[in-house]
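**Q** This is the structure I want to talk about, given as C-alpha cells.
Protein chains in written order, with our numbering: chain G, 169 to 452; chain Z, 16 to 330.
Shown next as C-alpha cells:
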C-alpha cells in the first residue's frame, strides 16, 4: 500500500542579523527597480539620441544660414551672431530632451500605481517618506549622469559642426562650461518636476501631459503674450527660468543663469513636496 | 499576533470595515472567511498600512505595521498576485524587495527554489500564469523568514495541484510555529486548512471560534440514504430521535443521526441500503445562511433608487 508523500517545503532559516528596513536598503531596492526594466534603457537611449541629434541638426542649420551670407557685407555680423549663440545651438536638443526625461521621471512613480506594484512595495517598505525619497534620489543621480552625457555630447558634436566656419565656442570661454554642465542639471530637474507631478496624479498619461504642459506648452504660449506683459512674465515661465543656465549669455528680461536655475529648482521642489504630502496621506 | 480594536474603514458612503475587533493567535492557521465584498481585503490592507483606518487601530506583534523595523520579517503578505511590474523578471522583482529590507541576495534563490520557480527566474513576469504569479507572491512573502504570513484568497483560480500545494505549504509553515492568516470566501477551503475561524459579513465580525465549534454550532448532521423501503426507514429514524425528508428522486435526507448510527439501524432492521452518504456540503450551507443577511451583492434584486431614476426619467 503506497502512502501519499506530502512534500512539505521547508523554509530555510535566515542567517545573520538581516531583515531590517533601512534608507540605504530602499536606495539599493530602487536602483534595482530602475535598472531591471527595459523601458529605462529605451527612454534613456532615446534621450541621448534625440538631444545630440537635434542639437547637431540645429548646429548644421546655423552653419548653412551663415554660409548663405558668405561674400556679402552682412557676413561678419551674421557670423558674430552665430558665434554668440553657438552654445545654445548645440544644446538645442535639450528642448526635446526635457520631454523625454519627463516621461521617465513620471513613469518612475506612476508605474508603481499602474502596475499595482505600489502595494507590494509598501507592504515591504512601509516608511513612505523613505520610499519616496529613495526613489527620487536614485532617479536624480541616474538622470543627472545621463543628462550630463547628453549635454557634453551635444556640445561636442554641435561645436565640431560649427567649427568648420570657426563659429564654435570652447569650454574655456566665459560661461560656456557653466552652460554645458547646467544643461545636464536642467534635464535632471525636469525629470524631478515630472516625478513630483506623477506622485500627485498617480496616472502616467496625466502626469506626462501635465509636465509637458508646464515645461513646453507654457513656453510656447508665452510667445503670444503682449510685449509689455511678456517682459515681466516671460522669465518666470519654467522653461525660461530653467533654460537660463544653459545659455552662455542671458537673454533680455530673463533671469541670470543661477537665479533662473534657483527659480526652476523651486518649481521642482513645489512639485516634489506636493507629491510627498499626497503620497503620505493617501491610501495606496 | 495581529490585533484589531474597533477597526473601521469608510470609503465615501460605503462602510467597508465596521468596528472589527479580533486577534489572530500565533502558531495557528486562522481562516478569515466571508462572502465577496465583506471587507476581508480591506482589513488586510489596513493591517499593512496601505489604507488608513477611519477609526480604531490594528497592530502587528504589538506595533503598527508602518513603524516596524523589520517589516518583512514580522509579516509576509500576499494580497494580490498581480501587484507587480510585469516588465521585471521574477528574480529582480524579489531582489528589489529583498534589498529594501537588507536581506542577502542568496535568499532570493532560496525562495525561488522553494516555490518551484527557479527555472523561470530570469523571465519577465508578464508571461506568468495565475498559478506562477501566486507562487511568486508567496516567494516574496517568505523572503524574510516571517513570523506571520498573511494570504488573501491564495487558492483563487488555481488548479487542483496548485490548491494542494498551497494547503500543504500553509500547514508546513504553521507546523514551524508561524502564524498564518488566510482569507477565503469558501468554507470548504477553510475546513481543510484552518484551526480557527474569523467570519465577517458586511464589514462586521459574525463569528470568532475554532473550526470544530463552528461546525458543531452551525452544521446539522445530514446523511443521504437510498433505500427501497423509505417509509420504514423514516419511521425508524424518527423513533431514534432523528428527522427524515424524502427528496423525490428515490433518496432521502436524514438528520440528527450520523452515518454509523443509520447504517447500524438499517442492518438491525434488515433494511436494504443502496446508498449511505454523509453530507459534507452542509457546512457550506451553514456559512451561506450565517452570512446571507450580510451579503452585499444580491443577484437579481433591483435597487429602489435605480427604479426611481427610471420612472423619473420617463422611461
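Idealized CB from N, CA, C, for every residue including glycine.
Along the segment 189 to 210 of chain G, what residues have a CB closer than 8 angstroms to any CB found in chain Z?
**A** 189, 190, 192, 193, 194, 196, 197, 198, 200, 201, 204, 205, 206, 207
**Q** Going by CA-CA distance only, name the one from G:397, G:411, G:324, G:346 that's closest to residue 264 of chain G.
**A** Checked all of G:397, G:411, G:324, G:346; the closest Cα to residue 264 of chain G is G:411.
**Q** May I ask which residues mark the beginning and end of the beta strand (DSSP E) holding residue 148 of chain G?
**A** Since the first residue shown for chain G is 169 and the last is 452, residue 148 of chain G is missing from the structure and cannot be characterised.
**Q** Could you give the distance in angstroms between the alpha-carbon of residue 295 of chain G and the alpha-carbon of residue 367 of chain G?
**A** Taking the straight line from one Cα to the other gives about 16 angstroms.
**Q** List the residues of chain Z that residue 287 of chain G touches, going by C-beta distances under 7 angstroms, in chain order.
**A** 65, 94, 95, 98
**Q** For the segment 370 to 386 of chain G against the segment 18 to 33 of chain Z, are there 3 or more C-beta pairs whose distance is under 8 angstroms?
**A** no
**Q** Taking 8 angstroms as the CB-CB cut-off, is residue 275 of chain G touching chain Z?
**A** The C-beta of residue 275 of chain G comes no closer than 8 angstroms to any C-beta of chain Z.
**Q** Counting only the same chain and skipping the five closest in sequence on each side, list residues whose C-beta sits under 8 angstroms from that of residue 379 of chain Z.
**A** With chain Z covering only 16 through 330, there is no way to say anything about residue 379 of chain Z.
**Q** Identify whether residue 74 of chain Z lies in helix, strand or coil by the three-state DSSP scheme.
**A** strand
**Q** Using 8 angstroms as the limit for Cβ to Cβ distance, is residue 292 of chain G near chain Z?
**A** yes
**Q** With a CB to CB cut of under 8 angstroms and the five nearest residues on each side skipped, what residues in its chain are close to residue 235 of chain G?
**A** 333
**Q** Whose Cβ in chain G lies nearer than 7 angstroms to the Cβ of residue 75 of chain Z?
**A** The contacting residues do not exist; residue 75 of chain Z stays about 10 angstroms from chain G at best.
**Q** Which same chain residues end up closer than 8 angstroms to residue 208 of chain Z when comparing Cβ atoms and leaving out the 5 residues on each side of it in sequence?
**A** 44, 46, 182, 185, 186, 197
**Q** Based on Cα-Cα distance, which residue from G:259, G:233, G:260 lies nearest to residue 248 of chain G?
**A** G:233
**Q** Check distances from the C-beta atoms of the segment 302 to 336 of chain G to those of chain Z and list, in chain order, the residues that come in under 9 angstroms.
**A** 302
**Q** Is there a Cβ of chain G sitting closer than 8 angstroms to that of residue 101 of chain Z, yes or no?
**A** yes
**Q** What beta strand (DSSP E) runs, 3 residues minimum, are completely inside the segment 45 to 91 of chain Z?
**A** 70 to 75
**Q** Ignore the nearest five residues each way along the sequence and tell me which others in residue 202 of chain G's own chain have a CB closer than 8 angstroms to its CB.
**A** 208, 276, 306, 307, 310
**Q** If I follow the unbroken beta strand (DSSP E) through residue 237 of chain Z, where does it start and stop?
**A** 237 to 241
**Q** What residues of chain G sit near residue 155 of chain Z, judged by a beta carbon separation below 8 angstroms?
**A** Those within 8 angstroms of residue 155 of chain Z in chain G are 288, 292.
**Q** Around the Cβ of residue 203 of chain Z, are there at least 16 other Cβ atoms within 10 angstroms (buried) or fewer (exposed)?
**A** Burial is judged here by how many other beta carbons sit within 10 angstroms of a residue's own beta carbon; residue 203 of chain Z has fewer than 16 and is exposed.
**Q** Could one say the Cβ of residue 278 of chain G lies closer than 8 angstroms to chain C's Cβ atoms, at least one of them?
**A** The structure shown contains no chain C; its protein chains are G and Z.
**Q** Round the Cβ separation of residue 84 of chain Z and residue 188 of chain G to the nearest angstrom and send it over; I've been treating them as touching at under 8 angstroms.
**A** 6 angstroms
**Q** First and last residue of the alpha helix (DSSP H) that includes residue 147 of chain Z?
**A** 145 to 157
**Q** Would you mind reading off the limits of the beta strand (DSSP E) that contains residue 165 of chain Z?
**A** 163 to 167
**Q** Could you give the residue range of the beta strand (DSSP E) that holds residue 205 of chain Z?
**A** Counting along the chain, residue 205 of chain Z falls outside any beta strand (DSSP E), though it belongs to the alpha helix (DSSP H) covering 202 to 208.
**Q** Check whether the Cβ atoms of residue 231 of chain G and residue 339 of chain G sit closer than 8 angstroms, and answer yes or no.
**A** no
**Q** Leaving out five residues on either side along the sequence, give the residues of the same chain with a beta carbon under 8 angstroms from the beta carbon of residue 247 of chain Z.
**A** 284, 286
**Q** Taking just the CA atoms, how far does residue 436 of chain G sit from residue 361 of chain G?
**A** 4 angstroms
**Q** Which residues in chain G have a C-beta closer than 9 angstroms to the C-beta of residue 125 of chain Z? List them in chain order.
**A** 179, 180
**Q** In whole angstroms, what is the alpha-carbon distance linking residue 215 of chain G and residue 352 of chain G?
**A** 11 angstroms
**Q** Quick check: is the beta carbon of residue 51 of chain Z nearer than 8 angstroms to any beta carbon in chain G?
**A** no
**Q** Assuming residue 390 of chain G and residue 405 of chain G are in contact, meaning their beta carbons sit under 8 angstroms apart, how far apart are those beta carbons, in whole angstroms?
**A** 5 angstroms
**Q** Do you know how far the Cα of residue 292 of chain Z is from the Cα of residue 60 of chain Z?
**A** Rounded to whole angstroms, residue 60 of chain Z to residue 292 of chain Z spans 42 angstroms at the Cα level.
**Q** Leaving out five residues on either side along the sequence, give the residues of the same chain with a beta carbon under 7 angstroms from the beta carbon of residue 421 of chain G.
**A** Result list for residue 421 of chain G: 399, 402, 403, in chain order.
**Q** For residue 198 of chain G, is the classification buried or exposed, using 16 other Cβ atoms within 10 angstroms of its Cβ as the cut-off for buried?
**A** buried
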